[in-house]
Amino acid sequence: MGITARGAGLLVAAVVLLAAGFRFAYPELTLLGVAAAGAVGYALLVALWRPRLEVTRRADPDRVSRGEPARMVLTVRNAGRLRAANLLAEDRCGDRTVPVPVLRLRPGRDTTVDYDVPTDRRGVVPVGPLRVTRRDPLGLVALARSYSSVVPVWVHPRIHPLTAVPTGAGRSLDGRVDGVPQGSITFDSLREYVVGDELRRVHWRTSARVGELMVRENVDTSLPRIVVLLDNRATAHPGRDPESFESACEAAASVVAAALRADLPVSLLLVAPEGLATPEGPAGEAAGVGVGPLDRLAAARLDTGDATAALRAAATRLRRDRLGDTLVFLTGPGGR
276 MGITARGAGL
286 LVAAVVLLAA
296 GFRFAYPELT
306 LLGVAAAGAV
316 GYALLVALWR
326 PRLEVTRRAD
336 PDRVSRGEPA
346 RMVLTVRNAG
356 RLRAANLLAE
366 DRCGDRTVPV
376 PVLRLRPGRD
386 TTVDYDVPTD
396 RRGVVPVGPL
406 RVTRRDPLGL
416 VALARSYSSV
426 VPVWVHPRIH
436 PLTAVPTGAG
446 RSLDGRVDGV
456 PQGSITFDSL
466 REYVVGDELR
476 RVHWRTSARV
486 GELMVRENVD
496 TSLPRIVVLL
506 DNRATAHPGR
516 DPESFESACE
526 AAASVVAAAL
536 RADLPVSLLL
546 VAPEGLATPE
556 GPAGEAAGVG
566 VGPLDRLAAA
576 RLDTGDATAA
586 LRAAATRLRR
596 DRLGDTLVFL
606 TGPGGR
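In this note's numbering, the protein residues as written are 276 to 611.
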């Protein structure tokens with residue numbers, strides 16, 4: 276709640292008029308003071324009324340590559356029985372605000388606004404909440420409330436087509452990637468038989484023991500597992516060169532996308548995992564970090580911490596977790 280400059284001036288005038296009226300026994304001044312104070316009180320009551328608004332928003336789409344179009348569709352519906360009058364609404368989109376026409380929204384009616392979401396820079400663009408300000412007819416008091424939650428729009432790095440996936444292995448004649456000369460099939464687990472399973476995969480000894488058919492599940496261990504390590508240390512990109520880091524992010528996104536198209540397991544790691552930026556509040560909790568490698572690249576930021584310790588910790592993490600057998604390390608001029 277906030278009293279406008281006009282309301283503050285009228286409130287001061289009411290106090291002065293009441294004091295002068297009582298002090299000098301002028302009923303006219305007292306009456307004017309009471310009228311001024313009553314106007315401010317009426318304005319407070321009007322502004323305190325909370326309109327029942329239902330706000331829905333939809334990002335179309337909610338994930339794009341840098342430079343691709345994205346739009347936000349916002350719908351505001353008056354769910355109350357009274358006309359929502361004297362309302363000024365604006366929606367927050369990144370660093371700018373978008374006006375929403377809800378000045379005199381009738382009961383049961385809605386208004387829809389769609390606008391472009393800026394995608395010229397990689398990152399996570401928080402959109403929302405809708406801020407609705409209600410003023411009294413005299414403009415003495417203004418009360419602002421927020422509706423709906425924040426919806427993130429993920430702007431991924433540009434993806435460049437790669438002719439081959441950097442797996443460190445040769446490509447077989449049928450188009451699959453083999454990590455060993457002949458390939459291999461390794462037993463993984465047992466599961467219940469379903470119609471369509473080959474009988475040669477039935478594990479008869481276990482089936483006799485449990486009383487129902489059990490089928491062997493095998494995995495192909497010849498498929499390489501790719502790990503993309505992005506160097507997001509500030510020292511790796513001298514002067515915090517945005518173009519150098521953006522190029523590294525685009526290279527990482529291109530490798531990840533190529534691996535996903537080839538149905539190869541791929542994971543993304545940052546040298547400094549703390550260098551991630553997410554929307555504040557409920558949006559960050561709902562969207563999270565790590566939804567996918569491209570989302571992590573959208574949220575990646577340069578980290579100004581201890582560069583040597585971060586690199587040492589990343590190397591230790593790779594050796595300990597053994598996430599893959601092919602490592603793609605992307606760094607900048609200062610990381611040599």
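Think of the CB as a built atom: it goes at the ideal place given N, C-alpha and C, for glycine as much as any other residue.
Proximity to residue i [Cα-Cα], best of the options
{"i": "Val566", "options": "Gly284, Val399, Val377", "result": "Val399"}
{"i": "Leu543", "options": "Pro513, Arg500, Thr591", "result": "Arg500"}
{"i": "Val321", "options": "Val416, Ala288, Arg420", "result": "Val416"}
{"i": "Val470", "options": "His478, Ala528, Trp479, Val490", "result": "Val490"}
{"i": "Gly610", "options": "Ala523, Arg536, Asp366, Val377", "result": "Ala523"}
{"i": "Val531", "options": "Thr579, Leu605, Tyr390", "result": "Leu605"}
{"i": "Leu405", "options": "Thr438, Asp395, Val425, Glu473", "result": "Val425"}
{"i": "Val330", "options": "Val309, Pro344, Ala354", "result": "Ala354"}
{"i": "Ser397", "options": "Val603, Glu343, Gly607, Arg298", "result": "First, the residue type needs correcting, since residue 397 is Arg and not Ser in the sequence shown. Checking every option, the nearest Cα to that of Arg397 belongs to Glu343."}
{"i": "Gly383", "options": "Arg356, Val407, Asp366", "result": "Arg356"}
{"i": "Ala408", "options": "Tyr390, Leu362, Arg367, Asp366", "result": "The sequence given here places Thr at residue 408; Ala does not occur at that position. Answer by Cα proximity: Leu362."}
{"i": "Asp600", "options": "Val541, Val290, Val485", "result": "Val541"}
{"i": "Gly284", "options": "Asp395, Leu413, Val373", "result": "Leu413"}
{"i": "Val377", "options": "Leu418, Tyr468, Val339, Leu328", "result": "Leu328"}
{"i": "Thr394", "options": "Leu418, Arg410, Gly369", "result": "Gly369"}
{"i": "Val241", "options": "Ala526, Thr591, Asp596", "result": "Residue 241 is absent from the model: the chain starts at 276 and stops at 611."}
{"i": "Gly277", "options": "Leu598, Leu418, Arg346", "result": "Leu418"}
8 Å Cβ cutoff met for residue i and residue j
{"i": "Asp385", "j": "Arg352", "result": "yes"}
{"i": "Arg325", "j": "Arg420", "result": "yes"}
{"i": "Leu349", "j": "Val392", "result": "no"}
{"i": "Thr510", "j": "Ala582", "result": "yes"}
{"i": "Leu504", "j": "Val546", "result": "yes"}
{"i": "Gly308", "j": "Leu286", "result": "no"}
{"i": "Arg341", "j": "Pro432", "result": "yes"}
{"i": "Val502", "j": "Leu569", "result": "no"}
{"i": "Ser519", "j": "Gly580", "result": "no"}
{"i": "Ala295", "j": "Leu304", "result": "yes"}
{"i": "Ala537", "j": "Val440", "result": "yes"}
{"i": "Val402", "j": "Val430", "result": "no"}
{"i": "Glu549", "j": "Asp578", "result": "yes"}
{"i": "Ser482", "j": "Leu474", "result": "no"}
{"i": "Leu535", "j": "Glu492", "result": "no"}
{"i": "Val375", "j": "Ala360", "result": "no"}
{"i": "Tyr317", "j": "Arg346", "result": "no"}
Residues that residue i bridges to, as DSSP identifies them
{"i": "Ser464", "result": "Glu492"}
{"i": "Leu357", "result": "DSSP, once it has assigned bridges, lists no residue as partnering Leu357."}
{"i": "Cys368", "result": "Arg371, Val402"}
{"i": "Ser529", "result": "For Ser529, which the question treats as bridged, DSSP gives no partner whatsoever."}
{"i": "Phe604", "result": "Leu504"}
{"i": "Thr350", "result": "Thr331, Thr387"}
{"i": "Val407", "result": "Ala364, Arg420"}
{"i": "Leu544", "result": "Leu504"}
Range covered by the alpha helix (DSSP H) that runs through residue i
{"i": "Thr305", "result": "302–323"}
{"i": "Asp538", "result": "Looking at the DSSP string, Asp538 is not in any alpha helix (DSSP H), and its letter there is neither H nor E."}
{"i": "Arg480", "result": "479–485"}
{"i": "Asp385", "result": "Note, Asp385: premise wrong, no alpha helix (DSSP H); beta strand (DSSP E) at 385–391."}
{"i": "Thr438", "result": "Thr438 -> no alpha helix (DSSP H), and no H or E assigned at all."}
{"i": "Asp596", "result": "582–596"}
Residue i CB to nearest heavy atom of the ligand ATP below 7 Å
{"i": "Ala318", "result": "You won't find the ligand ATP in this model; it holds no ligand whatsoever."}
Three-way DSSP call (helix, strand, coil) for residue i in this model
{"i": "Glu329", "result": "strand"}
{"i": "Arg571", "result": "helix"}
{"i": "Gly277", "result": "strand"}
{"i": "Ala334", "result": "strand"}
{"i": "Leu293", "result": "helix"}
{"i": "Leu577", "result": "coil"}
{"i": "Leu413", "result": "coil"}
{"i": "Gly450", "result": "Its pLDDT being 46, under 50, Gly450 is placed unreliably in this model, and the coordinates cannot settle the point."}
{"i": "Val339", "result": "strand"}
{"i": "Ala288", "result": "helix"}
{"i": "Pro517", "result": "helix"}
{"i": "Thr394", "result": "coil"}
{"i": "Gly471", "result": "coil"}
{"i": "Gly610", "result": "helix"}
{"i": "Gly282", "result": "helix"}
{"i": "Ala509", "result": "helix"}
{"i": "Ala345", "result": "coil"}
N- and C-terminal bounds of the beta strand (DSSP E) containing residue i
{"i": "Arg420", "result": "416–422"}
{"i": "Arg379", "result": "It is not in any beta strand (DSSP E) - Arg379 carries neither H nor E in the DSSP assignment."}
{"i": "Val428", "result": "426–431"}
Test: residue i CB closer than 8 Å to a CB of chain C
{"i": "Val407", "result": "The displayed structure is made up of one protein chain only, and chain C is not part of it."}
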